[in-house]
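Residues 0 to 291 in numbering that gives the first Met the number 0 are what the sequence shown spells out, letter by letter. Yeah, the Cβ is synthetic: ideal placement off N, Cα and C, and Gly gets one too. Since the structure is predicted, the reported quantities are computational estimates derived from the model, not experimental observations. Below: the structure, in structure tokens.
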Amino acid sequence: MSDKSHRGTIFVEDAKVLEIRHYPGEQFIMRVAAPKCAAKAMPGSFVHIRCDDTLPMRRPLSIMRANPTEGWIEMLYKIVGGGLRSLSHKKPGDMTNLVGPIGQPFIPSHQRPYTLLLGGGVGIPPMIFLAEHLKDDSRDWQPMAFMGSEIPFPFAAQNSVLPCSWAPTDVTAANPLLEEWKIPSRLATLSGFAGCFNGYVTDLARLWLQNQPTKVIRQVEIFACGPTPMLRAAAALAKEFDVACQVSLEEFMACAVGGCAGCAVEVMTEQGPAMKRVCVDGPVFEATSVFG
Ligand SMILES: Cc1cc2nc3c(=O)[nH]c(=O)nc-3n(C[C@H](O)[C@H](O)[C@H](O)COP(=O)(O)OP(=O)(O)OC[C@H]3O[C@@H](n4cnc5c(N)ncnc54)[C@H](O)[C@@H]3O)c2cc1C
Ligand code: FES
């Protein structure tokens, strides 16, 4: 670890695969035993995982769930190239190795308990982590989650029984985990999936915001993870409604622990523009610092 500030919080662990579930669109949810990582992970944290012993480069994956008591973490990934394809061939009992938890997490403000979680595609995992974190927190959070995908969702969508009076009556599809946790959620797509909102996840968020009274709007904070155009739209929406917004960025990573600067992006700080490393200074940033 080249960055001293992360000593004792980022671990290198051999991790046994406990479970791997396959979903349409070459999407996978993998659970691995990684007790040190599970103990320190926060919503927005990611791991740098070895996909195959023959591949020199690890791949960064967000942590979707972490169970410190049972010592496991879960990741959701979609195959893009050779690394994640190799990872998808693993079976329960196989070993991998990961570095984590890495990165600055989402930090919700107690002054803004109406947390609006927006996840697009493989940006969904940190939103599930954040939802579970808020559920387990004793404070009175009021989370609402919207998830978008143009390929089938990596879970069996459920017809929500949680009231959403503002939503069109045919928009009923929800994430089953959030439904179990009593956190309202709705799904958005342009692909015509049953029960989903026809549009982008940020269009659905706009509809929700338009239906909130001013006193609620003043206490809203948006958290977003997904493709860059979605993050840009989330930042613009936050500006339009004058609400706070944190976004999680993706960059190609070599070391993922702050040593190579290969993941640096320009962000606006109080001192002016500065280069920040997405791996350890992010991946979560204030939306205004990235998108203006
Ligand atoms: C913080 C963070 C969290 C992430 N979380 C998730 C997640 O939860 N789930 C998920 O599915 N994905 C996630 N990603 C994205 C994922 O890590 C990448 O898409 C990864 O490269 C896919 O690996 P692959 O082996 O499938 O494809 P790769 O073999 O990596 O190929 C993907 C494409 O990117 C190009 N490429 C790869 N590395 C570089 C590089 N260093 N420079 C330039 N081009 C390059 C390749 O040529 C190819 O076209 C995350 C990324 C970051 C940074
Ligand atoms: S990937 Fe090396 S500094 Fe971020």
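Item: Thinking Met126 and Phe222 are a contact (beta carbons under 8 Å), I'd like their distance in whole angstroms, please.; Value: 7 Å
Item: Would you kindly work out how many angstroms separate the C-alpha atoms of Gly102 and Met274, rounded to a whole number?; Value: 16 Å
Item: Can you tell me the Cβ-Cβ gap for Gly7 and Ala37, rounded? I've got them flagged as a contact below 8 Å.; Value: Contact flag wrong, Cβ pair sits at about 16 Å.
Item: Out of Gly80, Ala155, Cys50 and Lys77, point me to the one whose CA is closest to Ala14's CA.; Value: Cys50
Item: Taking 7 Å as the cut-off, is the CB of Ser148 close to at least one heavy atom of ligand 1?; Value: no
Item: What does DSSP give as the partner residues of Arg20 in its beta bridges?; Value: Ile28
Item: Among Arg276, Ala144, Ala235 and Lys77, which residue has its Cα nearest to the Cα of Cys259?; Value: Arg276
Item: Helix or strand or just coil, what does DSSP make of His47?; Value: strand
Item: Measuring alpha carbon to alpha carbon, tell me which of Leu161, Glu269, Val121 and Trp165 ends up nearest Asn210.; Value: Trp165
Item: Under 7 Å: does the beta carbon of Gly99 sit that close to some heavy atom of ligand 2?; Value: no
Item: Does the distance from the CB of Pro100 to the CB of Val46 come in under 8 Å?; Value: yes
Item: To which residues of the same chain is Asp107 closer than 8 Å at the C-beta, ignoring the five residues directly before and after it?; Value: Going by the sequence as given, residue 107 is Pro instead of Asp. Hits under 8 Å: Thr114, Leu129, Leu133, Trp140, Glu220 and Phe222.
Item: Please say whether Val266 and Val242 have beta carbons closer to each other than 8 Å?; Value: no
Item: Distance, Cα to Cα, Ala65 vs Gly271?; Value: 36 Å
Item: Measure the C-alpha to C-alpha separation of Ala32 and Val16 and round it to an integer number of angstroms.; Value: 7 Å
Item: Counting along the chain, where does the beta strand (DSSP E) carrying Val200 start and finish?; Value: From DSSP, Val200 is part of no beta strand (DSSP E) but of the alpha helix (DSSP H) over Val200 to Gln209.
Item: What are the boundary residues of the alpha helix (DSSP H) that includes Phe192?; Value: No alpha helix (DSSP H) holds Phe192; DSSP gives it neither H nor E.
Item: Relative to the C-alpha of Asp135, which candidate in Val283, Met146, Ala232 and Met41 has its C-alpha closest?; Value: Met41
Item: Got a sec? Which residues, its chain only, sit under 8 Å from Ser1 by beta carbon, not counting five neighbours each side?; Value: For Ser1, the predicted structure reports a pLDDT of 44, less than 50, and the residue's modelled location is therefore unreliable. A value from the coordinates is still provided. Here the set comprises Cys254, Val256, Gly257 and Gly258.
Item: Who are Met146's beta bridge partners in DSSP?; Value: Gly118 and Leu186
Item: Under 8 Å: do the region 224 to 240 and the region 178 to 192 share three or more Cβ pairs, one atom per stretch?; Value: no
Item: Where does Pro228 sit, in a helix, a strand or coil, going by DSSP?; Value: helix
Item: Helix, strand or coil: how does DSSP classify Met63 here?; Value: coil
Item: Taking the alpha carbon of Thr68 as the reference point, which residue from Leu83, Lys77 and Pro34 has its own alpha carbon closest?; Value: Pro34
Item: Please list, in chain order, all residues of the same chain as Val215 whose beta carbon is under 6 Å from its beta carbon, the five residues on each side excluded.; Value: Tyr113
Item: Measuring alpha carbon to alpha carbon, tell me which of Val200, Asp52, Ser61 and Leu86 ends up nearest Met74.; Value: Ser61
Item: Beta strand (DSSP E) containing Glu285: first to last residue?; Value: Val283 to Glu285
Item: Can you check whether the CB of Ala156 is closer than 8 Å to the CB of Ala292?; Value: With the chain covering only 0 through 291, there is no way to say anything about residue 292.
Item: Between the C-alpha atoms of Val98 and Lys90, what's the straight-line distance to the nearest angstrom?; Value: 20 Å
Item: Residues in the same chain with beta-carbon distance under 8 Å from Ser159, minus the five sequence neighbours each way, listed in chain order, please.; Value: Thr171, Ala172, Ala173, Glu178, Pro183, Ser184 and Arg185
Item: Starting from the N-terminal side, write out each stretch of the alpha helix (DSSP H) that is 4 residues or longer and does not extend beyond the region 216 to 271.; Value: 227 to 240
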